Amino acid sequence: MAEVLVYVDHVDGAVRKPTLELLTLARRIGEPVAVALGNGAADTAAALAEHGAVKVLTADAPEFADYLVVPKVDALQAAYDAVSPAAVLLPSSAEAKEIAARLALRIGSGIITDAVDLEAGDQGTVATQSAFAASYTTKSRVSKGTPVITVKPNSAAVEAAPAAGAVEALTVSFSATATGTKVLSRTPRESTGRPELTEAAIVVSGGRGVNGAENFAIIEALADSLGAAVGASRAAVDAGWYPHTNQVGQTGKSVSPQLYIASGISGAIQHRAGMQTSKTIVAVNKDAEAPIFDLVDYGVVGDLFAVVPQLTDEVKSRKG
313 MAEVLVYVDH VDGAVRKPTL ELLTLARRIG EPVAVALGNG AADTAAALAE
363 HGAVKVLTAD APEFADYLVV PKVDALQAAY DAVSPAAVLL PSSAEAKEIA
413 ARLALRIGSG IITDAVDLEA GDQGTVATQS AFAASYTTKS RVSKGTPVIT
463 VKPNSAAVEA APAAGAVEAL TVSFSATATG TKVLSRTPRE STGRPELTEA
513 AIVVSGGRGV NGAENFAIIE ALADSLGAAV GASRAAVDAG WYPHTNQVGQ
563 TGKSVSPQLY IASGISGAIQ HRAGMQTSKT IVAVNKDAEA PIFDLVDYGV
613 VGDLFAVVPQ LTDEVKSRKG
């Protein structure tokens, strides 16, 4: 069976959930070979092997932390040359998409971004994508070279499948451009205790209808009762009511949770582009003609200031 390269997203050896999802999808089309880079790369092996990696290629060097994406592209290209895989899979994060694009250019291959499913086809890997606010589902395959595919978080359930997970050192020769852009400083993001927005199984978002930064406490309370992440529409973040890092939409973050709750969000196409692949969508809006209702599985026509607190209380009572 052909091997499939999987780029590992980890923090000091702790593997993030989207990578485990990639391993599940990779097993459908071949044998997963994981590529872990940077500090703690070797520490990822146990988790990767537990979820199906037959081999773990690791490399650590100061360049991975001190410079931007080019050193990681160099390493992934080295892994590609060593393995000659049937496909290369990466999570659909901003950094990984840039790595994927640069790698595809180097190896002369096509690229598919934001896939939500993968399957083996007679002529190569077939990727499923959602388009035009989930109005269409497309199936695509790369017609030239080895497919480089980024996959949205929450596109597949994590499934354990113990494999050998043999650790091998990856030899990387850094290109002349690897040290072209240096990271001068880092500021740790303040922790809210909530899940990462793009990885969360449940997302509760507020929009223009929240009508002020102080009212986002209502959205946060519902999110906390559900163990969810908090999102916001562009209108809300542009008004300064919530941080831009929490924006969901075409110019913000793309999410694909099991449950998406939109409160006071009209459902403009720009917002829908960032949450259209959510498995179940619930909307609360006092305007019965709001475009968001064309997309939802469940809709509540009502004042969010009355509906959302009642929903929060009901969730808490059922948990209690």
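The opening position of the sequence shown corresponds to residue 313 in my numbering, with each subsequent residue numbered one higher. Ideal placement from N, C-alpha and C gives every residue a C-beta, glycine not left out. Keep in mind that this is a model prediction, so the values were computed, not measured.
Item, Value
"Compare the beta carbon distance of Ser517 and Val428 with 9 Å and say whether it is the shorter of the two.", "no"
"In three-state DSSP terms, what is Gly586?", "helix"
"Would you tell me roughly how many angstroms separate the C-alpha atoms of Asp355 and Ala326, rounded to the nearest one?", "8 Å"
"Please return the same chain residues whose Cβ sits closer than 8 Å to the Cβ of Ala406, not counting the five positions on each side in sequence.", "none"
"Run the proximity test for Val596: is its beta-carbon closer than 8 Å to any non-hydrogen atom belonging to the ligand GTP?", "This structure simply doesn't include the ligand GTP, nor any ligand for that matter."
"Please report the straight-line C-alpha distance between Lys565 and Ala468, rounded to a whole angstrom.", "19 Å"
"Within its chain, find whatever has a CB closer than 6 Å to the CB of Met313; leave out the 5 residues flanking it on each side and keep chain order.", "Gly342, Glu343"
"For Ala391 and Gly505, I'd like the C-alpha separation in whole angstroms.", "36 Å"
"Output the distance between the C-alpha atoms of Ser503 and Ala512, rounded to the nearest integer angstrom.", "15 Å"
"Which same chain residues, not among the five before or five after Glu375, have their C-beta less than 7 Å away from its C-beta?", "Pro383, Phe486, Ala490, Thr491"
"How far does the beta strand (DSSP E) with Leu369 in it extend, from its first residue to its last?", "367–371"
"At what residues does the beta strand (DSSP E) containing Thr624 begin and finish?", "First-last for Thr624: 616–631, but that is the alpha helix (DSSP H), not the beta strand (DSSP E)."
"Can you tell me whether DSSP reads Ile514 as helix, strand or coil?", "strand"
"In chain order, what residues of the same chain lie with their CB nearer than 6 Å to the CB of Ala387, ignoring the 5 residues before and after it?", "Leu349, Ala371, Val484"
"Quick one: which unbroken alpha helix (DSSP H) runs of 4-plus residues sit fully inside the stretch 319–352? Chain order, please.", "329–341"
"Quick check on Ser537: does DSSP put it in helix, strand or coil?", "helix"
"Just how far apart, CA to CA, sit Ala365 and Thr592?", "31 Å"
"Which residues share a DSSP beta bridge with Gly564?", "According to DSSP, which records beta bridges pairwise, Gly564 is partnered with nothing at all."
"What does Ile573 pair with, by DSSP beta-bridge criteria?", "Val516, Val594"
"Do you know whose CA, among Ala535, Asn558, Ser537, Gly539, lies nearest Ser545's CA?", "Asn558"
"Taking 9 Å as the threshold (C-beta atoms), are Ala595 and Ala574 in contact?", "yes"
"Examine the Cβ distances between the stretch 529–541 and the stretch 471–479 and report whether three or more of them are shorter than 8 Å.", "no"
"Using three-state DSSP, classify Tyr448 as helix, strand or coil.", "strand"
"From Leu571 to Val323, what does the alpha carbon distance come to, in whole angstroms?", "26 Å"
"Around the Cβ of Asp321, are there at least 16 other Cβ atoms within 10 angstroms (buried) or fewer (exposed)?", "buried"
"Compute the Euclidean distance between the alpha carbons of Lys628 and Ser537, then round it to the nearest angstrom.", "6 Å"
"Please work out which residues of its chain come closer than 6 Å, Cβ to Cβ, to Ala338, disregarding the five sequence neighbours upstream and downstream, and give them in chain order.", "Val316, Val318, Pro344, Leu401"
"Output the boundary residues of the beta strand (DSSP E) element that contains Ala399.", "399–403"
"If you compare alpha carbons, which of Ala353, Ala600, Val460, Pro465 is closest to Ser396?", "Val460"
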